[in-house]
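**Q** Pasting in a structure now, in structure tokens, and then I'll have a few things to ask.
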Amino acid sequence: MKAIAIAAAAASLLLGAAAHAQQAPATSPLYGELGYSWTQIHGNGIKATPGAVRGILGYELHPNLAVEGMVEGGTGHDTDNGVSAKLNSSYGLFVKPKYDFGNTEVFGRVGWAHTNVNLSTTGDVSSSDFAYGAGVKYNVTPRVNVGLDYTRLADKNGVKVDGVTLGVGYKF
């Protein structure tokens, strides 16, 4: 009986040490995101909502500040008032102020984006413009998060391009 008690005590010490050693791994300041955007192209009498896929690579400079590079490509077109619209591509650089509330992060996004859309009436239209947005993320694990955000990519010559993106992120 004494041997069983000693074995049980040793096992609980080993299990406690193993549980302590399995703490969340440290993450680097580098992160990536991939998401689907419901992009809206509106102006000049149309309001089309083509889809797009967006990728972001970011670097946390501080717990409340990051910088990001973004690239987005259209996945299809939408037609409104007889005009077909498609987001060909968009890419940009952003500064991202953010704040964590436990597992939830709220953020803003300000920067510059170059956006190219195709309208069946005028062909390709490009814009390099101030861009901004805001969103929220929820950390599912210390490395994986899901997020929802809004970004205004362009507002030039009467045409506005913005979108709502649902994405998943990973901290490396």
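For the sequence shown, the residue numbers in mature numbering (1 follows the signal peptide of the UniProt record, and there is no 0) are -21 to -1, 1 to 151. Glycine residues also receive a C-beta, built at the ideal position from the N, C-alpha and C atoms. These figures come from a predicted structure and were not determined experimentally.
Near residue 39, which residues of its chain fall below 6 angstroms by C-beta distance, leaving aside the five closest residues on each side in sequence?
**A** Correct list, in chain order: 8 and 45.
**Q** On the criterion of 16 or more Cβ atoms from any shown chain inside 10 Å, does residue 148 qualify as buried, or is it exposed?
**A** buried
**Q** With DSSP run on the structure shown, which of helix, strand or coil describes residue 149?
**A** strand
**Q** Since residue 53 sits in a beta bridge, which residues does DSSP pair it with?
**A** Residue 53 pairs with 31.
**Q** Given this structure, state the Cα-to-Cα distance separating residue 100 from residue 25, to the nearest angstrom.
**A** Straight-line spacing of the CA atoms in residue 100 and residue 25 works out to 11 angstroms.
**Q** Excluding five sequence neighbours on each side, which residues of the same chain lie with their C-beta closer than 7 angstroms to the C-beta of residue 60?
**A** In chain order, 24 and 25 place their CB closer than 7 angstroms to the CB of residue 60, counting only its own chain and leaving out the 5 sequence neighbours on each side.
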